[in-house]
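Residue 6 is where the sequence shown starts when you use my numbering, and the numbers rise one by one after that. Glycine is no exception: its CB is placed at the ideal position from the N, C-alpha and C atoms. Predicted model, so just to flag it, every value in this text is computed and none were measured. Shown next, in structure tokens, is the structure this report addresses.
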Amino acid sequence: MSDEKQPTDRRDFLLKLGAGAGVAAITVQAGASLRSLVPNVSYDAPTTVKLGPPNDFPDGLKFLPDERVLVFREGNTFHAISAVCTHLGCTVRAEALPNPQTTEAAGAPLRLTHRFLCPCHGSEYKGDGTNVAGPAPKPLAWFRLSFAADDGQLVIDLADEVDRDFRLTLG
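As structure tokens, then:
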């Protein structure tokens with residue numbers, strides 16, 4: 006018997022190549038099968054968020070970039086409007102009006118101190134969120150505000166859109 010290795014012929018090479026490809030295919034299929042046993046979980050952000058104590062909100066407008074929300078305070082009254090443009094989801098910017106106006110929003114008086122402009126495609130909104138120019142197809146959403154029972158902080162529910170006459174009144 007000789008210690009020399011015999012050169013691999015074409016048939017042996019193709020058999021080994023086929024066996025290797027088969028093992029690789031089985032490994033990939035087994036991995037996919039095991040992955041299907043793990044459920045797909047959506048890790049969405051919470052819809053109810055504590056914004057802080059009411060005293061953190063001075064009269065006027067406060068923009069909250071993490072929530073992309075505009076919170077308004079007039080005395081003891083609060084309301085919140087989405088800062089997400091209804092066209093393609095850009096964040097609108099607030100521009101103070103030189104001469105604030107008072108209007109009715111769904112039957113309730115509302116002081117308009119700002120207008121909102123979308124920097125992406127030029128949509129414009131009145132201070133109550135009504136779309137007035139540009140490609141935005143609908144008004145900005147208003148969200149429900151409440152006070153947390155445990156510590157009295159202002160809470161917003163980003164999944165609960167409300168009518169434009171919604172106001173939260175402090176104590």
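By DSSP, does residue i sit in helix, in strand, or in coil?
i: A88; result: coil
i: T52; result: coil
i: L42; result: coil
i: F148; result: strand
i: P105; result: strand
i: P140; result: coil
i: D162; result: strand
i: P124; result: coil
i: P63; result: coil
i: P58; result: coil
i: T135; result: coil
i: A99; result: strand
i: E72; result: coil
i: F171; result: coil
i: L93; result: coil
Alpha carbon to alpha carbon, what distance is there between residue j and residue i?
i: N104; j: L75; result: 20 Å
i: F152; j: K131; result: 27 Å
i: R169; j: N60; result: 23 Å
i: R120; j: A30; result: 60 Å
i: D133; j: E109; result: 9 Å
i: S41; j: G23; result: 27 Å
i: L159; j: V167; result: 16 Å
i: A154; j: R78; result: 20 Å
i: L19; j: V28; result: 14 Å
i: T32; j: T52; result: 41 Å
i: A35; j: V43; result: 13 Å
i: D71; j: S38; result: 39 Å
i: T187; j: N136; result: In the structure as shown, the chain begins at 6 and stops at 176. Residue 187 is therefore absent and cannot be evaluated.
i: L66; j: Q106; result: 15 Å
i: K21; j: L163; result: 60 Å
i: H126; j: D156; result: 41 Å
On a Cα-Cα basis, can you pick out the residue from the options that is closest to residue i?
i: K143; options: E109, F121, H92; result: H92
i: I86; options: F148, V160, D162, A154; result: F148
i: E129; options: A99, D71, G25, P59; result: A99
i: P124; options: S38, V89, S41; result: V89
i: P54; options: D64, R40, L42, R73; result: The identity of residue 54 in the sequence shown is Val, whereas the question assumes Pro. It is R73.
i: P63; options: C95, H84, T52; result: H84
i: D165; options: D71, A146, D156; result: A146
i: F171; options: P140, P114, N136; result: P114
i: P140; options: A37, C95, R15; result: C95
i: G176; options: A138, R15, P58; result: P58
What is the C-beta distance between residue i and residue j, in whole angstroms, given that I count them as a contact (C-beta under 8 Å)?
i: A101; j: T118; result: 6 Å
i: V97; j: L122; result: 6 Å
> Which full runs of the beta strand (DSSP E) of 3+ residues lie inside the region 11-41, going along the chain?
Replying inline: Listed in chain order, nothing qualifies, since the region 11-41 has no complete beta strand (DSSP E) run of 3 or more residues.
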